[in-house]
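Enquirer:
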Amino acid sequence: MTDTDVTSESPPPEVPVAGSGAAIRAAAARIADPEQRVLERIEEMRKRKPRMRDDAITMSHGAGGKSSHTLITALFADVLSNPVLDQLGDQAVLPIPGVDNLGLAVTTDSFVVSPLFFPGGDIGELAINGTVNDLAVGGATPVGIAAAFILEEGLDVELLRKVVVSLRAAADRAGVSVVTGDTKVVPRGKADKLFITTTGVGIVELPQRSAMARVRAGDVVLVSGALGDHGATVMLARGDVDLEAESLRSDTMPLHGLTKALFDEDIDVHFMRDATRGGVATVLNEIAQGAGVAISMNEDSLPIHDVVRGVAEILGIEALYIANEGKLVAIVAEGDAERALQVMRSRPEGAEAAIIGTVLPEPEGMVFIETVFGGTRVVDMLQGDPLPRIC
Amino acid sequence: MKFADEFRDADIARALSQRIAGEAGDKHWKIMEVCGGHTHTIFKYGIEDLLPSNVELVHGPGCPVCVIPMGRLDDGIALAKRPEVIFTCFGDLMRVPGSDGSLLDAKAAGADVRMVYSPLDALKIARDNPDKKVVFYAIGFETTAPSTALTLLRAKAENLRNLFVFCNHVNIIPPMKAILDSPDLQLDGFLGPGHVSTVVGIRPYEFVTRTYNKPVVVVGFEPLDILQGVHMVIQQILQGRCEVENQYTRVVHDEGNPKALDVLGRVFQLRTQFEWRGLGFISQSGLELREEFDEWNAEKMFTVPGVRVADPKACQCGEVLKGVLKPWECKVFGTACTPETPIGTCMVSSEGACAAYYNFGRYSRARERERAMGANGNGNGNGAVKELKPIEVKAG
Ligand code: SF4
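Chains as they are written, first to last, in our numbering: chain A, 24 to 414; chain B, 2 to 397.
1. Going by the DSSP bridge assignment, what does GLU34(B) pair with across the sheet?
2. So, at 7 angstroms on beta carbons, what are the nonlocal neighbours of GLY319(B) in its own chain, with the 5 sequence-adjacent residues on each side left out?
3. Please identify the residue among PHE218(A), GLY177(A), MET320(A) and PRO384(A) whose C-alpha is closest to the C-alpha of THR399(A).
4. Three-state secondary structure (DSSP) at VAL257(A)?
5. If you measure from the CB of MET348(B), is any heavy atom of the ligand SF4 nearer than 7 angstroms?
6. Taking 7 angstroms as the line, does the beta carbon of VAL68(B) fall inside it for any heavy atom of the ligand SF4?
7. If you measure beta-carbon to beta-carbon, which residues of the stretch 319-331 of chain B are closer than 7 angstroms to chain A?
8. Quick check on DSSP: helix, strand or coil for PHE218(A)?
9. If I measure Cβ to Cβ from ASP255(B) and keep anything under 8 angstroms in the same chain, skipping five residues before and after, which residues do I get?
10. Between the stretch 56-82 of chain A and chain B, which residues of the former have a C-beta closer than 8 angstroms to a C-beta of the latter?
11. Less than 7 angstroms between the CB of PHE334(B) and some heavy atom of the ligand SF4, yes or no?
12. Comparing C-alpha positions only, which one of PRO70(B), VAL66(B), LEU262(B) and GLY99(B) sits nearest to ALA81(B)?
13. Cutting at 7 angstroms between CB atoms, please list the residues of its own chain near ILE69(B), excluding the five before and the five after it.
14. Out of ASP76(B), LEU51(B) and ALA110(B), which one is the CA nearest neighbour of PRO306(B)?
15. Please confirm if LYS133(B) has its CB atom under 8 angstroms from at least one CB of chain A.
16. Compare the C-alpha of VAL243(A) against each of LEU111(A), ILE318(A), GLN59(A) and VAL209(A) and name the closest.
17. From VAL321(B) to ALA354(B), what does the alpha carbon distance come to, in whole angstroms?
18. The beta strand (DSSP E) spanning GLN270(B) covers which residue range?
19. Would you check if the stretch 138-156 of chain A and the stretch 262-280 of chain A touch, i.e. whether three or more CB-CB distances between them fall below 8 angstroms?
20. May I ask which residues mark the beginning and end of the beta strand (DSSP E) holding SER133(A)?
21. Determine the DSSP secondary structure at MET404(A), reduced to helix, strand or coil.
22. Which first and last residues belong to the alpha helix (DSSP H) in which LEU164(B) is found?
23. Anyone know if the C-beta pair for SER133(A) and THR220(A) falls short of 8 angstroms?
24. One question on the structure: do GLY193(B) and VAL234(B) come within less than 8 angstroms of each other, judged by their Cβ atoms?
25. ASN152(A): which of ASP329(A), GLY223(A) and MET389(A) sits nearest, CA to CA?
26. Bridge partners for PHE172(A) per DSSP, in chain order?
27. Assuming contact is defined by CB atoms lying nearer than 8 angstroms, are VAL136(A) and ALA11(B) in contact in what I supplied?
28. Beta strand (DSSP E) containing ASN290(B): first to last residue?
29. Just tell me which of CYS331(B), TYR359(B), VAL308(B) and LEU326(B) has its CA closest to the CA of ASP101(B).
30. Using the C-alpha atoms, what's the distance from GLY335(B) back to ALA356(B)?
31. Who are the near neighbours of PRO386(A) in its chain, counting only those whose CB is closer than 7 angstroms to its CB and skipping five residues on each side?
32. VAL303(A) versus chain B: which residues are under 9 angstroms apart at the beta carbon?
33. Give a single yes or no on whether VAL401(A) has its beta carbon closer than 7 angstroms to a heavy atom of the ligand SF4.
34. Taking 8 angstroms as the cut-off, decide whether the C-beta atoms of PHE167(B) and VAL136(B) are in contact.
35. Given that THR399(A) touches chain B, what residues does it touch there, using C-beta distances under 7 angstroms?
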């Protein structure tokens, strides 16, 4: 191909010193190369702030992929903009007047899963664990939770009691209390049985140890366990697919013990995020874009249960994009990676933890995977698939 | 659950890849994989990394969602918007934009649109909702057509009157012929579709070798199948042969599947012509329901707009599909035509040639540069984009 020749004749574009002959030659080669110009144009367009083009909300705005991202940045964050919100973290950190080394971490999350009960968990347990985890990955210790319930007219009271009892048990396991709440009832058909919103408050040490800005090339990427169990379980429990997999259960669990263990062992954790909606692929893309790095994974090392692999293959989706409710991605300093793995594996939540990849300097914003077959593939953000309600 | 891991063995792949690199020499090869399933495997396993840069895979017209012309999609959306209708289709169709929004948008506006995994799911929905009219929007090649046919046969046997099929089934051979007929064709050979061939067998491809003098190798869907297929095409040409070969013998029989063909024949007949996105009207390329199924035929039982929406003038999908143009050479690529607002078929699904290049072009470009620098001996190999691991050929 001729365009390859252009590049191979010119010096490697990484090394030119500004103003040197090499830099000028490299620039000239770029201008003479129409393919490169097209690629650069795309790059510029991508860096522009996304615009909300849709006239109405569709299911893809809730799928955790590109459309969700556009909705959040182009509408919510745009209108509500302020210095704390603009960071778009899992939790907001507010100053505590008079205290310098501690902050107040706040996070909120809604749960609309259908069915309400599924193998391995239920909506009440999710509502606690999801919020506890959003605090835990930021290094915050949860201190209290607020819960709001939207109930559909006609909801069975016994069923509601079961959910609330389960929610209480989950809160006890996570060592937090539901300290305030709210209920609303809407007419039949205006909600699907029961929706829950939980808000968590926690205390975090400052400066925050887990912060996206700390991610750098050379870091190592870990996950705390097998991927996709929750999403695959709920998709089957919905009965949309004629499949049964008895060993499949949701992985919903609190991760505050695991994150605390990592900090207690003084692991140099640069960043953590729990991989819920959109799966590990989405979290890694957010990190690559947010921190301006590339992330390379090794397909061989991804912990995925055979049954999830099977479900994913049959449904034509990838386990990397399937939601988890008790798994986090941790980016740690290279020298601490093995130790981090040991700490995770020594705990039940992290028994199947694995090192799955590394952080590279470029191509910026890109996540890719070395396939079991020896090739490479780019792992993009989920492109608005109409996935069912799974969390 | 069992997996075909033996067809994903990286060592065998490297050995094969090295053999291909050795035999391909300096010639620039262009081989088209006709089927969307192959394109998927190629991306999923990064197979292009295992081929030398002078062996190029051209992604053909075999993605069933992408070939649906916008007018037909508009018809489907119009059906979905009828209050008495439950509209069912495969999930990947829901995001494709029609001239006024997608099925997802229609769903958001109140239409009852449901994703199904098989036409039998639509049958079940029809049974469960006797007071509704259930429309199944059928798409796909000879691979999916038999299950639509079986569903219709069952609906007829049960006398189920509220299921209707909007049929967009197409045949794979006519578009191959259309591509071969183009005067600026630049392909050396074809990887024939595996699943379609389980139904139709390998004989229908003989015209490609006879009339057009291009080799065809029917291949399976595992990554090694594809590498082996590429190798077989190259070998045929180097040895001066031109045949229809069957790499996928573990599944494809030369005669195809007579039972499936029989079912197809009982339910469907050829349309005189059918429009393909990017390729225009191709005669005898689509299937429609036979008269006996009129009462289940959504095209007969409902009035749909039936308005043809011409492919935009700027669209150069035909050239891209034929391998004449690279995606980035299309005038609207990346400006008017992006994955969010696709103009042509190749941008619709993430496996279309243009969408793939839009998303990953920058990356493959960087990789190419790395490779070229490696060849010049001045690559610094800083590991930003990893080079292929050294290839060792194992004996045997
Ligand atoms: S850029 Fe768009 S219009 Fe041009 S060839 Fe590709 S898909 Fe077709």
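All C-beta atoms in this analysis are idealised placements derived from N, C-alpha and C, irrespective of residue type, glycine included.
Expert: Reading from the atomic positions:
1. Looking at the DSSP assignment, GLU34(B) forms a beta bridge with HIS60(B) and LEU192(B).
2. Here the set comprises GLY279 and LEU280.
3. Among PHE218(A), GLY177(A), MET320(A) and PRO384(A), the Cα nearest to that of THR399(A) is on MET320(A).
4. Three-state DSSP puts VAL257(A) in a helix.
5. Correct: MET348(B) has its Cβ closer than 7 angstroms to the ligand SF4.
6. A distance criterion of 7 angstroms places the beta-carbon of VAL68(B) beyond contact range of the ligand SF4, judged by its closest non-hydrogen atom.
7. Per Cβ criterion, the list reads TRP329.
8. Strand.
9. So the qualifying residues of the chain are GLY202, ILE203, ARG204 and ASN247.
10. For the stretch 56-82 of chain A, residues whose beta-carbon sits nearer than 8 angstroms to a beta-carbon of chain B comprise PRO57, GLU58, GLN59, VAL61, LEU62, ARG64, ILE65, GLU66, MET68, ARG76, ASP77, ASP78, ALA79, ILE80, THR81 and MET82.
11. At least one heavy atom of the ligand SF4 lies closer than 7 angstroms to the C-beta of PHE334(B).
12. For the residues PRO70(B), VAL66(B), LEU262(B) and GLY99(B), the minimum Cα distance to ALA81(B) belongs to GLY99(B).
13. Taking ILE69(B) as the centre and dropping the five residues before and after it, the same chain places the C-beta of ILE140, ASN169 and ARG278 closer than 7 angstroms to its C-beta, in chain order.
14. Of ASP76(B), LEU51(B) and ALA110(B), the residue nearest in Cα terms is ASP76(B).
15. LYS133(B) is outside the set of residues whose beta carbon lies under 8 angstroms from a beta carbon in chain A.
16. Looking at the Cα atoms, ILE318(A) is the closest of the given residues.
17. Rounded to whole angstroms, VAL321(B) to ALA354(B) spans 8 angstroms at the Cα level.
18. Membership of GLN270(B) in the beta strand (DSSP E) is indicated by the continuous run 269-271.
19. The stretch 262-280 of chain A vs the stretch 138-156 of chain A: in contact.
20. Run containing SER133(A): 122-134, per the beta strand (DSSP E) assignment.
21. If DSSP states are grouped into helix, strand and coil, MET404(A) belongs with coil.
22. Premise fails: LEU164(B) lies in the beta strand (DSSP E), 164-170, not in any alpha helix (DSSP H).
23. Judged by beta-carbon spacing, THR220(A) lies within the 8 angstroms limit of SER133(A), meaning their Cβ atoms are closer than that value.
24. No, the pair does not count as a contact, with Cβ atoms beyond the cut-off.
25. The residue with the shortest Cα to Cα distance from ASN152(A) is GLY223(A).
26. Beta-bridge partners assigned by DSSP to PHE172(A): THR206(A) and ILE219(A).
27. By the CB criterion at 8 angstroms, VAL136(A) and ALA11(B) fall outside the cutoff.
28. Reading off the sequence, residue 290(B) comes out as Leu, not Asn. For LEU290(B), the uninterrupted beta strand (DSSP E) segment begins and ends at 288-290.
29. Of the candidates CYS331(B), TYR359(B), VAL308(B) and LEU326(B), the one whose C-alpha sits nearest the C-alpha of ASP101(B) is VAL308(B).
30. When only Cα atoms are considered, ALA356(B) and GLY335(B) end up about 9 angstroms apart.
31. Within the same chain, Cβ atoms closer than 7 angstroms to the Cβ of PRO386(A) are found at ALA317, the five residues on either side in sequence being excluded.
32. Think of a sphere of 9 angstroms around the beta carbon of VAL303(A): no beta carbon from chain B falls inside it, the nearest being about 16 angstroms out.
33. Flag unset: Cβ of VAL401(A) not near the ligand SF4.
34. At the C-beta level, PHE167(B) and VAL136(B) come within 8 angstroms of one another.
35. GLY47 and ASP50, listed in chain order.
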